[in-house]
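What follows is a set of notes on a single structure, which appears directly below.
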Amino acid sequence: MKLLVVDDSSTMRRIIKNTLARLGYTDILEGGDGLEGWAAIDSNPDVEMLITDWNMPEMNGLELVKKVRSDARFKDLPIIMVTTEGGKAEVITALKAGVNNYIVKPFTPQVLKEKLAAVMGVSE
Ligand SMILES: [Mg+2]
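Start counting the sequence shown at 194; every next residue gets the next number (the working numbering).
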């Protein structure tokens, strides 16, 4: 299963990747901002899950989610947003844009595991 992790922090990408690896997911593409994320998924439409940050330069995560969701190839793609923007208004905004689930930083590996399971259940 191929996943795409988009975050402008290489440290955060590594943390997410290491957590995913422990859960058995090792086929992981990366992007350092929304534009890189879009380029990665546009050229790898077999990606089965997008995990994205919100605050990033060039194109932020919310814009990336809207762009991905507006493409028919990705209308059912599971998307998890991982962000410091944990306010209720932000969560609602993200869900309206098409995010399936939401993780507030900092998070534990257990939380990521639970959200992944929840999103995969939803996507089936
Ligand atoms: Mg960021």
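We treat Cβ as the ideally placed atom computed from N, Cα and C, and that holds for glycine.
First through last residue of the beta strand (DSSP E) which encompasses residue i
{"i": "asparagine 294", "result": "294-297"}
{"i": "aspartate 220", "result": "220-224"}
{"i": "threonine 277", "result": "That residue, threonine 277, is in no beta strand (DSSP E); it is neither H nor E in DSSP."}
{"i": "methionine 242", "result": "242-245"}
{"i": "lysine 195", "result": "195-199"}
Spatial distance of residue i from residue j (CA atoms)
{"i": "isoleucine 285", "j": "lysine 259", "result": "14 Å"}
{"i": "aspartate 227", "j": "methionine 249", "result": "It should be noted that the sequence gives glycine, not aspartate, for residue 227. One C-alpha to the other measures close to 7 Å."}
{"i": "glycine 280", "j": "glycine 224", "result": "25 Å"}
{"i": "arginine 215", "j": "aspartate 264", "result": "31 Å"}
{"i": "glycine 388", "j": "proline 271", "result": "Here the chain covers residues 194 to 317 and nothing more, so residue 388 does not appear."}
{"i": "leucine 309", "j": "alanine 282", "result": "23 Å"}
{"i": "arginine 266", "j": "glycine 217", "result": "25 Å"}
Nearest-angstrom beta carbon gap, residue j and residue i [assumed within contact, 8 Å]
{"i": "leucine 288", "j": "valine 199", "result": "Leucine 288 to valine 199, Cβ: 18 Å. No contact."}
{"i": "leucine 196", "j": "methionine 242", "result": "5 Å"}
{"i": "threonine 276", "j": "glycine 254", "result": "7 Å"}
{"i": "methionine 274", "j": "threonine 245", "result": "6 Å"}
Segment limits, alpha helix (DSSP H) that includes residue i
{"i": "leucine 228", "result": "227-236"}
{"i": "threonine 286", "result": "281-290"}
{"i": "lysine 260", "result": "254-262"}
{"i": "threonine 212", "result": "203-215"}
Any non-hydrogen atom of ligand 3 within 7 Å of residue i CB
{"i": "asparagine 237", "result": "Among the ligands present in this structure, namely ligand 1, ligand 3 is not found."}
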